[in-house]
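Protein chains in written order, with my numbering: chain A, 1 to 115; chain B, 1001 to 1111. I have placed the structure first, in the form of structure tokens, so that the comments after it can refer back to it.
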Amino acid sequence: KAGVTQTPRYLIKTRGQQVTLSCSPISGHRSVSWYQQTPGQGLQFLFEYFSETQRNKGNFPGRFSGRQFSNSRSEMNVSTLELGDSALYLCASSLGSGGLYNEQFFGPGTRLTVL
Amino acid sequence: AQSVTQLDSHVSVSEGTPVLLRCNYSSSYSPSLFWYVQHPNKGLQLLLKYTSAATLVKGINGFEAEFKKSETSFHLTKPSAHMSDAAEYFCVVGAGTALIFGKGTTLSVSS
Chain A
1 KAGVTQTPRY
11 LIKTRGQQVT
21 LSCSPISGHR
31 SVSWYQQTPG
41 QGLQFLFEYF
51 SETQRNKGNF
61 PGRFSGRQFS
71 NSRSEMNVST
81 LELGDSALYL
91 CASSLGSGGL
101 YNEQFFGPGT
111 RLTVL
Chain B
1001 AQSVTQLDSH
1011 VSVSEGTPVL
1021 LRCNYSSSYS
1031 PSLFWYVQHP
1041 NKGLQLLLKY
1051 TSAATLVKGI
1061 NGFEAEFKKS
1071 ETSFHLTKPS
1081 AHMSDAAEYF
1091 CVVGAGTALI
1101 FGKGTTLSVS
1111 S
């Protein structure tokens, strides 16, 4: 079974631009979560989608948004990029049904650099 | 609110010696706890998880962790370190459908 895939793997943008990252979950998984990893703040939860609905949201500004499609693929968007948005963005998928703590499987991440 | 504190940012061991990575948690109810490992340029991988079935949890690659409610701890151990264990380790607590990560412990293994 194929794992979680994220595209692109690397991105370079300039301040003020916007960016869209994509995540394809493991087949059959309906929950997709996004995390930001930086050296200073570590790994922080952004949001989680289940069946096209945002079910949980972390403490990030409104410039960070996401969506999920009917095939469970997810995108996250960051508008008006700031230097501090440079990070590794990780996507994780899980079955999402039943108990709250289904194992989350992580993708390799998208490395975003903002210049 | 749930949180985890990893007590050591960096741990160095020699190959063949025991590994101990320390984690304390804070939770207002019975927590779900995890340890994840991240090797350089690789994704996060689940080592083990605690969900109240047993206090001693065995994971992959010889790792195990013991849940101690009285000490609010969930330390990760391995009897004998291998060079391939060198990586970043994260203690994690479940919070609804989100995971709350500790700051991480870098494990170095020398020959």
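Each residue gets a CB set at the ideal place from its N, CA and C atoms; glycine is no exception.
| Asked | Found |
| --- | --- |
| Element boundaries [beta strand (DSSP E), containing A/T7] | T5 to T7 |
| Inter-residue spacing [alpha-carbon to alpha-carbon] between A/Q37 and A/A87 | 6 Å |
| Where the beta strand (DSSP E) through A/G42 begins and ends | G42 to F50 |
| Chain A within 7 Å of B/F1101, Cβ atoms only | yes |
| Test: B/A1098 CB closer than 7 Å to a CB of chain A | yes |
| Beta bridge counterpart(s) of B/L1056 as assigned by DSSP | B/E1066 |
| Cβ pair B/L1047, B/I1060 closer than 7 Å | yes |
| Of the residues B/H1075, B/H1039, B/V1011 and B/Q1002, the one placed nearest B/S1028, counting alpha carbons only | B/Q1002 |
| For A/S94 and A/G84, the rounded distance between their alpha carbons | 29 Å |
| Given B/S1052 as reference, the closest of B/A1065, B/S1070, B/S1030 and B/P1040 once Cα atoms are compared | B/S1030 |
| C-beta atoms of A/L133 and A/T110 nearer than 7 Å | With chain A covering 1 to 115 only, the question about residue 133 of chain A has no answer from this structure. |
| Whole-angstrom C-beta distance between B/E1088 and B/T993, which should lie under 8 Å | Within the shown structure, residues of chain B are numbered from 1001 to 1111, placing residue 993 of chain B beyond reach of any answer. |
| Buried/exposed call for A/Q6, threshold 16 Cβ in 10 Å | buried |
| Short CB-CB distance (under 7 Å) between B/L1076 and chain A | no |
| Rounded distance between the beta-carbons of B/Y1036 and B/F1074, thought under 8 Å | Going by Cβ atoms, the distance from B/F1074 to B/Y1036 rounds to 13 Å, so no, they are not a contact pair. |
| Contact list for B/L1046 against chain A, beta-carbon separation under 9 Å | E103, Q104, F105 and F106 |
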